[in-house]
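Residue numbers (the working numbering), protein chains in the order written: chain A, 5 to 393; chain B, 92 to 456. A virtual CB, placed ideally from N, CA and C, is assigned to each residue, including glycine. Quick caveat: nothing in here was measured; it's all calculated off a predicted structure. Data first, discussion second: the structure below is written as structure tokens.
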Amino acid sequence: MNQKADVVVIGGGVIGTAITFYLSQRGQKVILIEKNDLASGASGACDQDIILQSKNPGIHLQLALASSQMYKTLEKELDYDIEYENTGGMILIETPEELKIMEDFVNRQKALGLQVEILNYKEALRYQRGLSNHLVGSTYSPQDAHVNPIRLNLGFAQAARRYGAEILLETEITKIKVKNNQIEGLETNRGTIYTPVIINAAGAWAPSIGRMIGLKIPIKPRRGQIVITEPVPPFVMGDVLSARYIVAKYNPELYNNSESAAVKLGVGLSLSQTRKGNILIGATREFAGYDITNTRTGIKEILKNATRLIPELKEMNIIRAIAGLRPYTPDGLPLLGPVNGLNGFYLAAGHEGDGIALAPITGKIIADLITDGKTFMDVTALSPNRFLM
Amino acid sequence: MKEIQIAVIGAGPAGLAAAIELAKAQGNVTLFDENTKPGGQLFKQIHKFFGSSEHLAGTRGYNIGKQLLRETEKLGVNVILDAPVYAIYPDKTISYSHQNREQAIKAEKIILATGATENALAFPGSTLPGVMGAGAAQTMINVHRVLPGKKVLMIGSGNVGLIVSYQLLQAGADVVALIEAAPQIGGYGVHAAKIRRAGVPIYISHTIQKVMGKNEVVAAQIVQLDDNRQPIPGSEKILEVDTVCMAVGLSPLTELAWLMGCEFAYIPQLGGHIPKHNHNMETTVSGLYVAGDITGVEEASTAMEEGRLAGIACAQALGLYDQEKAHTLKKEIWNRLNTLRTGPFGKIRKFAKDELLKISREGTA
């Protein structure tokens, strides 16, 4: 079966479906190709945070702020309950050293327009009960929010279909057709699709798509394990992270020499509660290839870390554990935009742990770039060519 | 971490039999069960078993249980009770909850004998207190000596529905009716005759529509079904009951096998998705064996034989038995299993089991 499309999007996660939605909304004929099912990768095995505070002040935070604006009206636009909630969030601070780093972090974030402040231990307790008394304090931002990532993924897909997009599940790409450095189409196990534009939104699997046309995409799968409790009455205030996560992400040298299992696994607290009441306790950040099994050490270290910060969590029963592969990039920024020397080939991958927060803005930027050739902000820093030159 | 030779998970008939065989072969075996007492379903089975004498026919279930426990004690099997196993990792590390904390042990070989769980029906009122599995009611009367209610509606006429109805009568309850959606009784005629003689009406081609009550069951509405199993309007009947028991089949408890990455086959006659396994009861994961209802819902007698089989095959794999000895022992068991899987019900199971072995061999689902 041969088909034609204006754009083919590869990957049925939140990023791929968001791009498909925004492009279809503008009248583009889009076909999305997914080798398994919607939300079958990282988008179906992650936490639910739309957290702004964790973003490095700079282009990363700018993206997140723009995305969070879009979230406010997204539910209406998609006409789908994505369980969006503007809950606020906090980052728990354990030591004076962390406090120092966070104070600087917060000041730089404020300069970019984020509403965020530092709270002492007593003030922090007003937002989140049960905090361990060894804490120094926390940050707090009323702008943090969360969303059900699977519903977000399905909502984007359903709304895109309403605008005429076609979504091909269980479809595997066997070949990408290129002629004179111009994308011509691709071959799948279900037939050939002719298209001048392909967007690689395959997340941690983006490199395998790149290899088909000789591109070396520097994305690596980074496993994030998450433990899930039974549904309990409201307990978590919103998104609760630990400064250790931020410090480990942006100042890794502070922990580099540590031999502890938690540090080796990149364990940092990420806590939130679903509408149903289940608490998601995360997470590890570890390189383990494409293995998505949970490990005993991973689960144990996540729980040790969480109960150290909020001892009351010990009273809750665990019902399952999940693991997803976050697409890691060497500089922590996603790869967004066209690839030089290969007309029609775009990348929209490498969001690591920020895919949910950045899905709407990624969809918009890519749609802008394809339909208008430009977007509302300077995204040269995100260009995939910074690695592919 | 503590390392052991063999872990058997589930101390029901299959697990006990497997552990006994392994202990007989001088294996170092540890048996885990989530309950505070071993024996699985055997201790609530106060009825006599069918079959020939070598299958302990004529013996009551709980006496078979006692016999198996005596043997495990005599052979020095290490039994850890009150220890639900909730994870097995790829390197065969077993996580279990015991004495209020997570504990872990690493085993060279694992036998899963986790059994099956009761199916439930969903209908308006099905979440009211008083609606329960027939097995739950059986545990209440035969193990805990508590009557779940006074006026019972039983749904399902398989052997579980028939036997539990009779035992509820013996325990002093009134079984108001037994309903069956199929146009014929599912279980053995002798069991049906027993409850009929006691005056329990059996309505075939009937199903439940709803259960009434605010905080507990006060009545149930049943309806007759036509040849296409559709409700016949006007045939509704309201029965005054305080308890509704569901005996609508069992499903193998396969979570641990999924977790280990076993390949599965879908065999509806055996209760759904079943881990593929060979004649040695070994799954597609090397060193991981299955026995009993996890390999397809059958009876305690076949579960014990499968447990022995898995135990012997496991002992052989560990070099505790030589080829010849193991072969002889396994052959005896297969002969007994084939005898047990005869008769109108057994034949269907034998066919399904053969199909499962065939699929497992061919490697396709």
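Requested in this report: Quick one: list the residues of chain A neighbouring S512 of chain B, beta-carbon separation under 7 Å, in chain order.
Outcome: Here chain B comprises residues numbered 92 to 456, so residue 512 of chain B is not present and cannot be evaluated.
Query raised in the report: Using a Cβ-Cβ cut-off of 7 Å (strictly less than) and excluding sequence neighbours within five positions of P388 of chain A, which residues of its own chain qualify?
Result: Taken in chain order, the residues that qualify are L339, G341, V343, L351.
Report task. Anything in chain A within Cβ reach of A195 of chain B, meaning under 8 Å, just list it in chain order. Result -> Here the neighbours are R300.
Query raised in the report: Which class does I23 of chain A belong to by DSSP, given the choice of helix, strand or coil?
Result: In this structure, I23 of chain A counts as helix in the three-state DSSP scheme.
Query - Closer than 8 Å to chain A by CB, A456 of chain B - result: Model confidence at A456 of chain B stands at a pLDDT of 45, short of 50, so the residue's coordinates are unreliable; what they give is reported in the following sentence. Chain A contact via Cβ: absent.
Query - Where A198 of chain B falls, given that 16 or more other Cβ within 10 Å makes a residue buried - result: With a threshold of 16 other beta carbon atoms within 10 Å, A198 of chain B meets it and is buried.
Query raised in the report: Using 8 Å as the limit for Cβ to Cβ distance, is T297 of chain A near chain B?
Result: Residue-level contact check: T297 of chain A touches chain B, since one or more beta carbons of chain B fall below 8 Å from its beta carbon.
Query raised in the report: How long is the line joining the alpha carbons of S212 of chain A and L269 of chain A, rounded to whole angstroms?
Result: Going by the C-alpha atoms only, they are around 25 Å apart.
Query raised in the report: What does S377 of chain B reach in chain A if we use C-beta pairs closer than 7 Å?
Result: Within chain A, no C-beta atom comes less than 7 Å from the C-beta of S377 of chain B; the nearest is roughly 17 Å away.
Requested in this report: Keeping to the same chain, check which residues put their C-beta closer than 7 Å to that of A371 of chain A; ignore five residues upstream and five downstream.
Outcome: The beta carbon of A371 of chain A lies closer than 7 Å to those of I23, Y26, L27, R30 in the same chain, with the five residues before and after it left out.
Query raised in the report: Do you know offhand how far S71 of chain A's Cα is from V383 of chain A's?
Result: For S71 of chain A and V383 of chain A, the distance between alpha carbons rounds to 14 Å.
Query raised in the report: Among all the DSSP beta bridges, which residues are the ones paired with D53 of chain A?
Result: DSSP lists A:H150 as partners of D53 of chain A.
Query raised in the report: If we ignore side chains and look at the alpha-carbon of each, how far apart do M337 of chain B and A264 of chain B end up?
Result: Their backbone Cα atoms lie some 16 Å apart in a straight line.
Query raised in the report: Nearest to G93 of chain A by alpha carbon, out of A:K378, A:L139, A:T143, A:A163?
Result: Check the Cα spacing between G93 of chain A and each of A:K378, A:L139, A:T143, A:A163: the tightest is with A:T143.
**Report entry** A456 of chain B burial status per 10 Å Cβ neighbour count (16 or more: buried)
**Finding:** Reliability of the predicted coordinates at A456 of chain B is poor, the pLDDT of 45 falling under 50, and no value is obtained from them.
Requested in this report: Check whether the Cβ of T184 of chain B lies closer than 8 Å to any Cβ atom in chain A.
Outcome: At least one chain A Cβ lies under 8 Å of T184 of chain B.
Query raised in the report: Do H4 of chain A and L337 of chain A have their C-beta atoms closer together than 8 Å?
Result: Limits of chain A in this structure are 5 at one end and 393 at the other, which puts residue 4 of chain A out of reach.
Query raised in the report: Within 8 Å (strictly less), CB to CB, does P181 of chain B reach chain A?
Result: It does; some Cβ of chain A falls within 8 Å.
Query - Contacts around A115 of chain A, its chain only, beta-carbon distance under 8 Å, and the 5 residues preceding and following it disregarded - result: Closer than 8 Å at the Cβ level, and outside the excluded window around A115 of chain A, lie P61.
Query raised in the report: Any contact of the region 181-198 of chain A with the region 223-230 of chain A, i.e. 3+ C-beta pairs under 8 Å?
Result: In short, these stretches do not touch, since the Cβ pair count stays below three.
Report task. For the region 244-255 of chain B and the region 352-367 of chain B, state whether three or more C-beta atom pairs, one from each stretch, are separated by less than 8 Å. Result -> These segments do not touch.
Query raised in the report: Comparing the C-beta of C353 of chain B with each C-beta of chain A, is any distance below 8 Å?
Result: At a cut-off of 8 Å between beta carbons, C353 of chain B makes no contact with chain A.
Requested in this report: Could you spell out the range, first to last residue, of the alpha helix (DSSP H) harbouring D372 of chain A?
Outcome: Annotation for D372 of chain A: the continuous alpha helix (DSSP H) segment containing it runs 359-376.
Report task. Just the C-alpha distance for A408 of chain B and A417 of chain B, rounded to the nearest angstrom, thanks. Result -> So the alpha carbons of these two residues sit roughly 10 Å apart.
Requested in this report: Report yes if the CB atom of G402 of chain B is closer than 8 Å to the CB atom of K444 of chain B, and no otherwise.
Outcome: Remark: C-beta atoms of G402 of chain B and K444 of chain B do not approach each other more closely than 8 Å.
Query raised in the report: What are the partner residues of V244 of chain A, as DSSP defines its beta bridges?
Result: A:M94, A:L275.
**Report entry** Collapsed DSSP secondary structure at A98 of chain B in the structure displayed
**Finding:** In this structure, A98 of chain B counts as strand in the three-state DSSP scheme.
Report task. Find out if the Cβ-Cβ distance for the pair E271 of chain B, I295 of chain B is shorter than 8 Å. Result -> When the beta-carbon positions are compared, E271 of chain B and I295 of chain B come within less than 8 Å of each other.
Report task. Spatial neighbours of K308 of chain A within its chain, please: CB distance less than 6 Å, with the 5 preceding and 5 following residues excluded, ordered by chain position. Result -> Correct list: empty, nothing qualifies.
Query raised in the report: So, does the CB of V243 of chain B fall closer than 8 Å to a CB anywhere in chain E?
Result: The structure shown has no chain E; the protein chains it does contain are A and B.
**Report entry** Buried versus exposed, by CB contacts within 10 Å (16 or more), A385 of chain A
**Finding:** A385 of chain A should be labelled exposed.
Requested in this report: Per DSSP, which residues does D265 of chain B bridge with? Please list them.
Outcome: For D265 of chain B, which the question treats as bridged, DSSP gives the partners B:K242.
Query - Outcome for Q113 of chain A when other beta-carbon atoms lying within 10 angstroms are tallied against a minimum of 16 - result: The residue in question, Q113 of chain A, is buried, as its Cβ has 16 or more Cβ neighbours within 10 Å.
Report task. Would you list the one or two residues that DSSP bridges to Q312 of chain B? Result -> In DSSP, Q312 of chain B forms a bridge with B:K301, B:I329.
Query - Which of helix, strand or coil DSSP assigns to I428 of chain A - result: Any question about residue 428 of chain A goes unanswered here, given that chain A covers just 5 to 393.
Requested in this report: Sort B:T230, B:M223, B:P175, B:H189 by Cα distance to A204 of chain B and report the nearest one.
Outcome: It is B:P175.
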